[in-house]
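**Q**
Residue numbers (the numbering used here): 2 to 556.
1) Assign residue 408 to one of two classes, buried (16 or more other C-beta atoms within 10 Å of its C-beta) or exposed (fewer than that).
2) Looking at residue 462: is its Cβ nearer than 7 Å to the Cβ of residue 555?
3) By the 10 Å Cβ neighbour count, where 16 or more other Cβ atoms means buried, how is residue 257 classified, buried or exposed?
4) If residue 330 and residue 49 are in contact, beta carbons under 8 Å, what's the gap, nearest whole angstrom?
5) Taking just the CA atoms, how far does residue 207 sit from residue 294?
6) Leaving out the 5 sequence neighbours to the left and right, which residues in its chain are closer than 8 Å to residue 7 when beta-carbon positions are compared?
7) For the alpha helix (DSSP H) containing residue 291, list its first residue and its last residue.
8) If you check the beta carbons only, do residue 279 and residue 361 fall under 7 Å apart?
9) I'd like to confirm the pairing. Which residues does DSSP put opposite residue 298 in its beta bridges?
10) Mark residue 1 as exposed unless 16 or more other C-beta atoms lie within 10 angstroms of its C-beta, in which case mark it buried.
11) Secondary structure at residue 119, three-state DSSP: helix, strand or coil?
12) State buried or exposed for residue 252, treating a residue as buried only when at least 16 other CB atoms are found within 10 Å of its CB.
13) By how many angstroms is the C-alpha of residue 382 removed from the C-alpha of residue 203?
14) Could you check what DSSP says for residue 352 in three-state terms: helix, strand or coil?
15) If you pair each beta-carbon of the stretch 219 to 230 with each one of the stretch 170 to 188, do three or more pairs fall below 8 Å?
16) Can you give me the C-alpha to C-alpha distance between residue 375 and residue 334, rounded to a whole angstrom?
17) Taking the alpha-carbon of residue 552 as reference, which of 532, 521, 338 and 543 has the nearest alpha-carbon?
18) Who are the Cβ neighbours of residue 411 in its own chain at under 6 Å, not counting the five residues just before and after it?
19) Indicate the three-state DSSP secondary structure (helix, strand or coil) for residue 268 in the structure shown.
20) Out of curiosity, what's the CA-to-CA distance linking residue 540 and residue 265?
21) Please look up how many angstroms separate the CB atoms of residue 85 and residue 306, rounded, as I've assumed it's under 8 Å.
22) Look up residue 134 in the DSSP assignment and say whether it is helix, strand or coil.
23) Return the first residue and the last residue of the alpha helix (DSSP H) that residue 368 is part of.
24) Compute the Euclidean distance between the alpha carbons of residue 356 and residue 130, then round it to the nearest angstrom.
25) Give the single residue among 469, 546, 97 and 484 whose Cα lies nearest to the Cα of residue 528.
26) Given that a residue counts as buried once 16 or more other Cβ atoms are within 10 Å of its Cβ, and exposed if not, what is residue 76?
27) When DSSP labels each residue in this structure, what does residue 481 get in the three-state scheme?
28) Can you give me the Cβ contacts of residue 230 inside the same chain, cut-off strictly under 6 Å, excluding the 5 residues immediately before and after it?
29) For residue 352 and residue 277, what's the separation of their Cα atoms in angstroms?
30) Identify whether residue 397 lies in helix, strand or coil by the three-state DSSP scheme.
31) Assuming residue 565 contacts residue 523 (C-beta within less than 8 Å), just tell me the rounded distance between them.
32) For residue 488, which residues from the same chain have a beta carbon less than 6 Å from its beta carbon, with the 5 sequence-adjacent residues on both sides left out?
33) Bridge partners for residue 201 per DSSP, in chain order?
34) Whole-angstrom Cβ separation of residue 69 and residue 300, contact assumed at under 8 Å?
35) Tell me which same chain residues have a C-beta within less than 8 Å of the C-beta of residue 136, skipping the five on either side of it?
36) Could you give the DSSP three-state label for residue 544: helix, strand or coil?
What follows is the structure in structure tokens.
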């Protein structure tokens with residue numbers, strides 16, 4: 002696998018164009034998953050356990066960053082970047098030659114506006130793969146670059162200097178030992194900037210030389226402030242790699258360092274929400290400081306969450322907007338193994354909701370949620386299940402769909418939610434206080450699943466509500482259309498946008514207008530809504546989202 006990845010990354014180092022075909026393999030079109038009454042109950046090997054009352058750590062969206070996720074000042078748009086609350090971007094130094102796009106000085110305004118940190122990958126000053134390194138050019142470049150960063154307007158947003166990238170693939174023995182390079186460069190950077198963290202060794206998907214590197218770093222007093230490497234083959238090996246590195250820290254007397262996974266996901270996994278769930282889950286569970294999606298295909302796509310530079314969101318993008326919507330504390334999740342089903346979950350400060358993302362499972366799967374009696378949810382809970390359906394990295398997605406909405410009565414603070422999944426899809430389970438309507442107990446036999454129920458509003462017709470995810474300069478809105486005492490065969494919802502705001506994209510509805518008074522009409526598959534039931538659609542825009550009560554007209 003390492004040889005395969007080295008070849009791919011060589012092509013990527015030459016602008017990555019040839020890798021596109023690798024990432025668009027038969028993992029493209031897949032069948033959608035639905036919540037159903039499974040023919041057989043989910044086995045323990047396909048069941049994720051969430052301990053909602055057990056706090057893991059505060060929500061920081063550690064895995065929302067990317068390598069070369071920003072191409073230039075306008076690609077991607079600020080609104081698309083802000084919606085996923087990017088944690089960290091790893092970018093080329095000012096004046097770098099490794100890529101035609103991604104200069105840190107060009108993209109910094111977008112990163113800062115999106116609230117993200119920046120890592121300066123110093124080695125990307127050079128062209129070529131392996132890098133066209135020379136001590137004659139390297140030493141003066143380091144002096145100039147560090148001084149440029151210290152005087153920049155975005156200096157406070159730089160979280161670290163990365164000295165070199167993938168020495169196991171790119172360092173030439175003719176230049177001397179990598180350990181000597183590290184020691185010399187570390188000391189030079191530290192003499193120029195006494196406080197900014199230095200991270201490394203930034204090995205590729207292979208940490209076999211970590212002990213040798215750390216022994217030298219201890220002997221020369223050049224231990225990185227942040228330990229960094231890449232996970233580019235499978236999320237299943239992350240836990241063992243972290244355990245190995247931390248055991249080395251203990252063995253060598255190194256105080257535990259924060260860990261950054263500067264590149265993650267294999268070429269066949271990027272843009273596919275299901276496999277990416279496994280990475281995010283493990284980064285959260287293992288306490289990783291920050292992790293960045295790899296650059297396999299094209300810069301400026303937020304790590305292949307967009308169909309192309311300047312393109313539209315694919316299905317994986319919506320997984321990251323779900324992730325961005327989390328607040329409060331991450332809570333403990335326990336998968337049955339390092340492969341297969343996994344997930345991550347959060348509880349907000351008010352402790353009146355549980356938000357769970359899960360995936361990487363195929364067929365009859367389930368999520369068991371314990372500890373609900375430790376939260377402020379009441380005797381019954383509403384369980385909403387959504388999915389983001391993968392059609393491949395380069396296929397645009399209109400957004401998630403709601404596939405079940407049910408009321409459960411927890412037993413001993415626990416419920417179990419069965420879901421028939423597709424491996425490349427991701428699913429969000431949102432648990433909120435029950436409405437007091439009809440309830441559904443957890444399944445008691447292999448053929449019994451939850452039934453959807455709700456309490457209809459009084460009167461016929463319909464009502465609508467909008468939930469906003471607002472940031473400086475843009476918003477994403479989720480709108481719910483609820484039928485009254487009679488079923489709907491069609492509906493139209495209207496909102497009024499403030500001056501300067503505009504709708505830029507819509508999913509699960511057809512928009513009429515983009516500014517001022519905007520109306521949304523059902524599409525073919527969601528016009529029929531049973532009495533008391535509801536459907537949802539969404540829209541994204543620039544400026545400030547609507548604040549008034551939306552209108553709803555039944556058809």
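Glycine included, each C-beta is placed from N, C-alpha and C at the ideal position. These numbers were taken from a predicted model, which means no experiment stands behind them.
**A** Working from what's here:
1) buried
2) yes
3) exposed
4) That belief does not hold up - the Cβ atoms of residue 330 and residue 49 are roughly 18 Å apart, past 8 Å.
5) 17 Å
6) Here the model assigns residue 7 a pLDDT of 39, short of 50, so the residue's position is not dependable and the matter cannot be decided.
7) Note, residue 291: premise wrong, no alpha helix (DSSP H); beta strand (DSSP E) at 291 to 294.
8) yes
9) Residue 298 is not bridged to any residue.
10) No answer is possible for residue 1: the residues shown for the chain start at 2 and end at 556.
11) strand
12) exposed
13) 45 Å
14) coil
15) yes
16) 16 Å
17) 521
18) 373
19) coil
20) 30 Å
21) 7 Å
22) coil
23) Not the alpha helix (DSSP H): residue 368 falls in the beta strand (DSSP E), residues 364 to 371.
24) 43 Å
25) 484
26) buried
27) strand
28) 204 and 208
29) 27 Å
30) coil
31) The question about residue 565 has no answer here: the residues shown for the chain are numbered 2 through 556.
32) 531 and 532
33) 228
34) 4 Å
35) 176
36) coil
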